[in-house]
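Chains as they are written, first to last, in the working numbering: chain E, 1 to 115; chain A, 116 to 229.
Glycine included, every Cβ here is placed at the ideal spot set by N, Cα and C.
What you are looking at is a predicted structure, and each value in this text was computed from that prediction instead of being measured.
Some notes on the structure that comes next.
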Amino acid sequence: AQSVTQLDSQVPVFEEAPVELRCNYSSSVSVYLFWYVQYPNQGLQLLLKYLSGSTLVKGINGFEAEFNKSQTSFHLRKPSVHISDTAEYFCAVSLSGGGADGLTFGKGTHLIIQP
Amino acid sequence: EAGVAQSPRYKIIEKRQSVAFWCNPISGHATLYWYQQILGQGPKLLIQFQNNGVVDDSQLPKDRFSAERLKGVDSTLKIQPAKLEDSAVYLCASSLNRVNTEAFFGQGTRLTVV
Numbered sequence: 001a002q003s004v005t006q007l008d009s010q011v012p013v014f015e016e017a018p019v020e021l022r023c024n025y026s027s028s029v030s031v032y033l034f035w036y037v038q039y040p041n042q043g044l045q046l047l048l049k050y051l052s053g054s055t056l057v058k059g060i061n062g063f064e065a066e067f068n069k070s071q072t073s074f075h076l077r078k079p080s081v082h083i084s085d086t087a088e089y090f091c092a093v094s095l096s097g098g099g100a101d102g103l104t105f106g107k108g109t110h111l112i113i114q115p
Numbered sequence: 116e117a118g119v120a121q122s123p124r125y126k127i128i129e130k131r132q133s134v135a136f137w138c139n140p141i142s143g144h145a146t147l148y149w150y151q152q153i154l155g156q157g158p159k160l161l162i163q164f165q166n167n168g169v170v171d172d173s174q175l176p177k178d179r180f181s182a183e184r185l186k187g188v189d190s191t192l193k194i195q196p197a198k199l200e201d202s203a204v205y206l207c208a209s210s211l212n213r214v215n216t217e218a219f220f221g222q223g224t225r226l227t228v229v
């Protein structure tokens with residue numbers, strides 16, 4: 001079975017500063033990797049996904065993530081955050097080899113933007 | 116295009132009562148998922164449908180939870196009887212198909228069991 005670890009439950013950052021949200025995964029088979037954002041009282045919205053190909057993935061709202069197979073990581077980065085980026089961020093994996101392919105999520109990281 | 120619709124948005128029930136949640140996926144989406152999100156945790160997959168068939172229900176507590184998608188469109192998730200630990204947000208998601216496509220989430224139903 002696969003699992004996802006988000007190493008930080010909260011990350012406070014000053015506005016316009018860079019941020020990195022860390023994600024590590026564990027799986028015995030190939031996986032797809034995702035980052036979702038959840039604003040208060042809303043559903044989850046896809047930020048970006050890695051399926052194959054280039055290990056650097058660019059997403060919406062200026063976010064990007066890098067897949068590192070040797071370190072089993074998929075860290076999310078943004079060079080300059082805005083107050084509107086305050087939200088909960090979830091890293092997730094799904095199996096890429098067919099069969100049941102629902103998402104397995106990490107516990108989330110609350111990004112807090114300080115003015 | 117309309118997103119994934121869920122109702123109700125909020126529900127408060129007493130333990131041992133029953134409750135049902137409804138989900139209308141995006142039109143044309145064959146795959147539908149129900150997730151349970153307990154406060155402070157990431158969503159956990161309960162059940163996945165492909166059209167009206169179940170693909171994965173390995174994490175569904177079948178002694179009290181049931182779900183159906185009879186015509187391959189709308190879906191209903193039921194809990195009977197509810198326990199205090201069922202308090203959570205229940206998220207419905209849909210995707211065009213199962214391969215390489217994005218899952219779109221509804222706003223969820225927040226259930227409080229007292």
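No Cβ-Cβ contact shorter than 7 Å links A/S209 with A/T216. In the structure shown, E/E66 adopts extended strand secondary structure according to DSSP, grouped into three states. Around E/Q42, the beta-carbon contacts reaching into chain A at under 9 Å are F220, Q222 and G223. When DSSP states are grouped into helix, strand and coil, A/S173 belongs to the coil group.
For A/I153, the secondary structure class from DSSP, reduced to helix, strand or coil, is coil.
Annotation for E/P12: the continuous beta strand (DSSP E) segment containing it runs Q10 to F14. The beta carbon of E/T86 lies closer than 7 Å to those of L111, I112 and I113 in the same chain, with the five residues before and after it left out.
Secondary structure at A/N139: strand, using DSSP grouped into helix, strand and coil.
Chain A places a beta carbon closer than 7 Å to that of E/F90, counting this residue as a contact. In its chain, beyond the 5 residues on either side, L161 and I162 have a beta carbon closer than 6 Å to the beta carbon of A/L175.
The distance from the Cβ of A/C207 to that of A/S181 is about 15 Å, inconsistent with a contact at the 8 Å cut-off. Against chain A, a Cβ distance below 9 Å from E/K107 picks out G155, Q156 and G157. For E/E20, the secondary structure class from DSSP, reduced to helix, strand or coil, is strand. A/L199 carries a helical assignment under DSSP once its states are collapsed to helix, strand and coil. In terms of beta-carbon proximity, E/L46 lines the interface with chain A, with at least one pair separated by less than 7 Å. In the pairwise beta carbon analysis, the stretch 8 to 18 of chain E is classified as not touching the stretch 31 to 38 of chain E: fewer than three pairs are separated by under 8 Å. Taking the CA atoms as reference points, A/S173 sits about 20 Å from A/C138. A/Q163 is bridged by DSSP to A/Y148 and A/D171.
By a beta-carbon distance limit of 8 Å, A/K130 contacts A/L199. Their separation comes to about 6 Å. Taking a Cβ-Cβ cut-off of 9 Å, A/Y125 has no neighbours in chain E, whose nearest Cβ is about 10 Å from it. Taking C-beta atoms as the reference points, E/V93 and E/V29 fail to come closer than 7 Å.
Taking 7 Å as the threshold, the shortest C-beta distance from A/L147 to chain E does not fall below it.
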